[in-house]
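A short worksheet on the structure shown next.
Protein chains: 4
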Amino acid sequence: MQFLSDNAAPVHPAVWEAMRRADATDAPYDGDALSRSLDRAFSDLFGMDCAVVWTSTGTAANCLALATLVPPYGGIVCHDDAHIEQDEAGAPEFYTHGAKLMLAHGPHAKLTPESIAAVIDPIRDDVHRVQPHAVAITQATEQGCVYAPGELAVLADYVRGKGLAFHMDGARFANAVAHLGCTPAEAGPAHDIDTLSFGMIKNGGMGAEALVFFDPARAAEAKRRHKRAGQLQSKGRYLAAQLLAMIEGDVWLANARHANAAAATIAEGAGARLLYPCQANEVFVRLSPAEREALREQGFGFYDWGADAARFVTAWNADAGHAARLAAAIAAL
Amino acid sequence: MQFLSDNAAPVHPAVWEAMRRADATDAPYDGDALSRSLDRAFSDLFGMDCAVVWTSTGTAANCLALATLVPPYGGIVCHDDAHIEQDEAGAPEFYTHGAKLMLAHGPHAKLTPESIAAVIDPIRDDVHRVQPHAVAITQATEQGCVYAPGELAVLADYVRGKGLAFHMDGARFANAVAHLGCTPAEAGPAHDIDTLSFGMIKNGGMGAEALVFFDPARAAEAKRRHKRAGQLQSKGRYLAAQLLAMIEGDVWLANARHANAAAATIAEGAGARLLYPCQANEVFVRLSPAEREALREQGFGFYDWGADAARFVTAWNADAGHAARLAAAIAAL
Amino acid sequence: MQFLSDNAAPVHPAVWEAMRRADATDAPYDGDALSRSLDRAFSDLFGMDCAVVWTSTGTAANCLALATLVPPYGGIVCHDDAHIEQDEAGAPEFYTHGAKLMLAHGPHAKLTPESIAAVIDPIRDDVHRVQPHAVAITQATEQGCVYAPGELAVLADYVRGKGLAFHMDGARFANAVAHLGCTPAEAGPAHDIDTLSFGMIKNGGMGAEALVFFDPARAAEAKRRHKRAGQLQSKGRYLAAQLLAMIEGDVWLANARHANAAAATIAEGAGARLLYPCQANEVFVRLSPAEREALREQGFGFYDWGADAARFVTAWNADAGHAARLAAAIAAL
Amino acid sequence: MQFLSDNAAPVHPAVWEAMRRADATDAPYDGDALSRSLDRAFSDLFGMDCAVVWTSTGTAANCLALATLVPPYGGIVCHDDAHIEQDEAGAPEFYTHGAKLMLAHGPHAKLTPESIAAVIDPIRDDVHRVQPHAVAITQATEQGCVYAPGELAVLADYVRGKGLAFHMDGARFANAVAHLGCTPAEAGPAHDIDTLSFGMIKNGGMGAEALVFFDPARAAEAKRRHKRAGQLQSKGRYLAAQLLAMIEGDVWLANARHANAAAATIAEGAGARLLYPCQANEVFVRLSPAEREALREQGFGFYDWGADAARFVTAWNADAGHAARLAAAIAAL
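Residue numbers (this note's numbering), protein chains in the order written: chain A, 1 to 333; chain B, 1001 to 1333; chain C, 2001 to 2333; chain D, 3001 to 3333.
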């Protein structure tokens, strides 16, 4: 009964089928029919004009986006728990040629105008200081929380008022939309987002993420950086097929709902032990070392979260029975 | 009847099957059982200790290798037709943080001690000049030619005598081995090669190349650069499965032999029109614009090669009948 | 009566004289007799073998040092008030090709084993996290405080125990030595320091800092990076002359003592208003906006330090009378 | 009798005097009165609006300029003898974060529309190829030759027609103007030049070059890169003083005329031995090893230029008698 990571899950059948259908001779790189249809498909999904570049990882998607938004001498405000700061091995610095991550703080791994201001207001506008050029947020956040459309609107106002670009790391964007019950646009892009890395791999894909540019003109530069980063695969149709399979028939949304439901089951069992509100497919639970040991002895797999808690992640193929057993096991501690 | 690119070919059935077998929950990134078995499998193949990192492109493989061999202030000698110079969009400069490609000349896109010396001998050893740190060759070359073991031994002697590192871009390494009829080691690694990007995608894979380090200690640094470059996919088992499928039962070699045979058929038809010896799966043929037009009218697809020639590439799934018809059509011009 | 910055001070007469003496034809770059004598002169000063590279700024000295100590994918622990983080415009990221500054906290802008541990202990040793490679401290610190030899010994033990490199930003190293009354080595280099940027410009020089490598072998690589950074001036003898003039007859030490004495006078006047102990040539004083206004009306120039304090800096040519008047004026508030 | 390098020459008295006059307390960095007067002074000199940034080396000036003109994924066309390719240790790649130098050929180290076209016309406009973004020329060239205004006009037309930026490395711009007898603008800036590194150091300065932006708006970005490169000296007034001393009273022009005259004397002696036309302060003379040896025995210092020639450089303080003796000695061989 594995709750370690949604990355460990297998690939959704619809994705497999689409990949097999793509298995014929077509133009190499992103010149194939499927890759060429992505802009249209995602523009329809969002109801907004956009251009899409596939990448093999969320890290590449985030960092290509940031490289088009921020010069090497600029700064990017993010939460200090942000994946781009904590888990991407310096990839933002690599892709941007040395831009500085400027770390904001606050509950639920969320940014607010106030927490951003605390970082950027003290920065004198002179050449001795790195100046902020962009704000990057994660939807859902690294603590499994979701920005509501109202929060995003307030943030967007602030970010634009400061003349900054706005990136959304959407590794679990699907889970956020599933939680909010709003349109995909309302969960992010409609709020003046420049670039969204729309995660598909954790949610049923195999090796393709969608990097979405809401100013399609930016995609031209991004495609040069994409090739230069060794991201332009020669058989791109197998990546495009994955992305299209995920959005056709809203597989992405169904998968995220399923994962969220399993997480909600666990969260219910956790009750007052919950560290943060459970709004996506991650559940953070206060558990002593002995309690964690007890759960592991019952066959549950998960990561520690600091000294006194654990993280449980549910995937698109979560077994509802396993989630219920975990919930009961936590409740019984 | 398509001879545009081996990148346009579909995926080999053995690769599909291995990917499907990998479709279960396992550890994310490269912690899965398949990824962990790669070092052993390739060490057996080469009869030499090595460590393997999968990448999504040959560009990433080449450039990660170069970044571990060459400091930002160093130089890399390569042929001026080399893929790393002509077709990787500045990726070597990106991954190495600005190392300089130093361009040598010579027939068949091959380097020799003499052509390397012509580049590096005039470089004074002072701080004003970028100093060479590595030599990179392509096996088979960008003109479809193959370095024989004897040529490699001579090169290796020279390269080591100069204290340089030695990288082999093996995008079509399989085709070279198939042509030479020697062991995989003799076609490169045995000759003091530090790093080999062993191409699998053109030869029947989907999206996985094998970057091979013959000094396994180097792989540790490479893995940090690999993550930092956004190359560490979270479902790495699907890449490892591809690589293993290719080398099990020598699928890689059978595929390359098949492609080479089709190319040989075309080369025979081309006769005196051949621009370079046909030793792998590419055939470069002197053809006037009118002649090319005539071939295209007969349904043959291919790229122009400068003003007066064309390039025909055969893939692992080449149709022998198509190749024969093309050969006849050229002969009949 | 100016206490804005020691950078605003003029050039010491001994430096002028040495520059004039150097005004003859000699070998360009660093091939002149003066530049070639630097290693010897500084090795004598420290009683330790070292190699010296002149630079035009402290920023270049710090960042060249860091670039030789830390790979692009590594991290550098420093205090969050450190000059390299706050005032060098991202130069560390530029010179190192994207290494990450890891910010520690603590009073007096000093690092301790505990404050470093708080930063690095939570970093898992896996490829997702940037790993620390070096620790950088400032002597005297950005809050005008000095590490005593005993503190340095404890730090060195810790830093070496963790396998990290150790850099000292010595923009005001002279003031620290003057305060400690110890040998130059005891104020830093003797404690396993790898690289010291020994500041001369604020202390009476014009445009030359000394970057000191206590492992002379490292200087060879640094010289390549130095040229590549556009730091290798063609008339280097005028820089070498400055450095030699400063250390001959201990001009550097006399100048620093003079500046420190003026600062001590001011600190005495400030009494309980002192924000931090005054141990070098900077005095940080709690002053309300109205009090600052009153001082400015009396003709004193200085920078605000946040909302409720001011920073007064004394230079090598500080006017003792001005310092006394300032001390009295503060005491009289 | 030294003809090795104009970098070996001492500093002009007018420069010394200006530096001494600057030796008072003033604002640090480039906030001083002298630095703030540079834009005006150079705008007057060129009769064109421009903004000036001082740097400590020509390498820094060239590479800062290129970094503002060319993105990391772009290319810069230059002659393969260009200083930026041959003698700057990879600084262009460092400052631009990996842009590619694209090498053109042609006599006298000059570019022409034809030689540029030979480099850029074969570059397909796709993401696999680095695309050209700028052309960089040297005035006077690395072979001591000068672009006439007519040649520059033709080049400018071509460069602009291709949508490229245009940089001029003017390490010996003064010598070119002295040779042409035209206005400073006509020797470069008037021909749509974006950026000029106007060399002062070889021509009588000590450690300050003028980087000139003819679109003053570009200078704002350049100043951020300048600080980030460790080029922003804290006592900038001593650099500004040098630049102003050189242009006041046309010291720069008088110095260059003097150097050129001495070179012309030598060139006359060389007669048919001249390798290239002598149009600035460098003379390239066909001389066998034995002949060079003979000259050295007579006390002349100079560098070899390949196997069968020598380079003689005259400086602002060239001794006319020495030049005449050298001319006679060559003529007598």
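From the three backbone atoms N, C-alpha and C, an ideal C-beta is built for every residue, glycine too.
Between which two residues does the alpha helix (DSSP H) harbouring residue i extend?
| i | result |
| --- | --- |
| Ala1261 (chain B) | Val1251 to Ala1270 |
| Asn3247 (chain D) | In the sequence as displayed, the identity of residue 3247 (chain D) is Ile instead of Asn. Unbroken alpha helix (DSSP H) run through Ile3247 (chain D): Arg3237 to Ile3247. |
| Cys1078 (chain B) | Run containing Cys1078 (chain B): none in the alpha helix (DSSP H); it sits in the beta strand (DSSP E), Gly1074 to His1079. |
| Asp3408 (chain D) | Residue 3408 (chain D) lies beyond the stretch modelled for chain D, which goes from 3001 to 3333, so this question has no answer here. |
| Gly3090 (chain D) | Note, Gly3090 (chain D): premise wrong, no alpha helix (DSSP H); not H, not E. |
| His1167 (chain B) | Taken as a continuous stretch (DSSP letters only), His1167 (chain B) belongs to no alpha helix (DSSP H), being part of the beta strand (DSSP E) at Ala1165 to Gly1170. |
| Met1102 (chain B) | No alpha helix (DSSP H) contains Met1102 (chain B), which is instead part of the beta strand (DSSP E) from Lys1100 to Ala1104. |
| Ala2222 (chain C) | Arg2218 to Arg2228 |
| Val2285 (chain C) | Run containing Val2285 (chain C): none in the alpha helix (DSSP H); it sits in the beta strand (DSSP E), Glu2282 to Arg2286. |
Is the Cβ of residue i closer than 8 Å to any Cβ of chain D?
| i | result |
| --- | --- |
| Tyr2303 (chain C) | no |
| Lys2162 (chain C) | no |
| Pro2028 (chain C) | yes |
| His97 (chain A) | yes |
| Phe2166 (chain C) | no |
| Phe2300 (chain C) | no |
Give me the chain G residues within the contact set of residue i, using Cβ-Cβ distance strictly less than 8 Å, ordered along the chain.
| i | result |
| --- | --- |
| Ser3056 (chain D) | The chain labelled as chain G is not found among the protein chains of the depicted structure, namely A, B, C and D. |
Less than 8 Å between CB atoms is the rule here; does residue i satisfy it with respect to chain C?
| i | result |
| --- | --- |
| Val3334 (chain D) | This structure cannot settle anything about residue 3334 (chain D), because the visible part of chain D is limited to 3001 through 3333. |
| Asp87 (chain A) | yes |
| His128 (chain A) | yes |
| Asn3203 (chain D) | no |
I need the boundaries of the beta strand (DSSP E) containing residue i, first residue and last residue.
| i | result |
| --- | --- |
| Ile2137 (chain C) | Gln2131 to Thr2138 |
| Ala2342 (chain C) | Beyond the ends of chain C as shown, which are 2001 and 2333, falls residue 2342 (chain C); an answer cannot be given. |
| Trp305 (chain A) | Segment: none, Trp305 (chain A) is in no beta strand (DSSP E) and carries neither H nor E. |
For chain A, find out if any of its Cβ atoms is closer than 8 Å to the Cβ of residue i; answer yes or no.
| i | result |
| --- | --- |
| Gly1090 (chain B) | yes |
| Arg3040 (chain D) | no |
| Ile1076 (chain B) | no |
| Tyr3073 (chain D) | yes |
| Glu2282 (chain C) | no |
| Thr1141 (chain B) | no |
| Ser1005 (chain B) | yes |
Among the residues of its own chain, which have a CB less than 7 Å from the CB of residue i, if the five just before and after it don't count?
| i | result |
| --- | --- |
| Phe302 (chain A) | Phe3, Leu4, Ala310, Arg311 and Phe312 |
| Leu3034 (chain D) | Ala3022, Arg3237, Ala3240, Ala3241 and Leu3244 |
| Ala2324 (chain C) | Thr2265 |
| Pro189 (chain A) | Phe46, Met48, Leu196 and Phe214 |
| Asn1260 (chain B) | Asn1175, Ala1178, His1179, Ala1280 and Asn1281 |
| Ala2065 (chain C) | His2167, Thr2195, Ser2197 and Leu2211 |
| Arg1160 (chain B) | Asp1192 |
Taking 8 Å as the CB-CB limit, is residue i close to chain B?
| i | result |
| --- | --- |
| Arg2225 (chain C) | yes |
| Ala318 (chain A) | no |
| Phe3094 (chain D) | yes |
Shorter than 7 Å, the distance from the beta carbon of residue i to the closest heavy atom of the ligand ADP, or not?
| i | result |
| --- | --- |
| Asn1317 (chain B) | Ligands in the displayed structure: none, and consequently the ligand ADP is not present. |
Identify, in the order they occur along the chain, each residue of the same chain with its Cβ nearer than 6 Å to the Cβ of residue i, setting aside the five sequence neighbours on each side.
| i | result |
| --- | --- |
| Thr1068 (chain B) | Arg1218, Glu1221 and Ala1222 |
Once you ignore the five residues that flank residue i on each side, which residues in its own chain have a CB closer than 8 Å to its CB?
| i | result |
| --- | --- |
| Val3070 (chain D) | Ile3076, Thr3096, Ala3099, His3133, Ala3134 and Ala3165 |
Check your understanding: Does the region 41 to 51 of chain A come within contact of the region 185 to 192 of chain A, defined as at least 3 CB pairs closer than 8 Å?
Key -> yes
Point to revise | Under 7 Å (Cβ pairs) to chain A, residues found in the region 2100 to 2126 of chain C | key: Lys2100
Review point. Of the residues that make up the region 1233 to 1248 of chain B, which ones have a beta carbon closer than 7 Å to any beta carbon in chain A?
Key: Gln1233, Ser1234, Lys1235 and Tyr1238
Check your understanding: Residues in the region 170 to 197 of chain A with C-beta within 7 Å of chain C's C-beta atoms, listed in sequence order?
Key -> none
Check your understanding: Is there contact here, the region 3169 to 3184 of chain D with the region 3082 to 3095 of chain D, by at least three beta-carbon pairs under 8 Å?
Key -> yes
**Study point:** Inter-stretch contact at 8 Å, needing at least 3 Cβ pairs: the region 111 to 122 of chain A / the region 85 to 97 of chain A
**Key:** no
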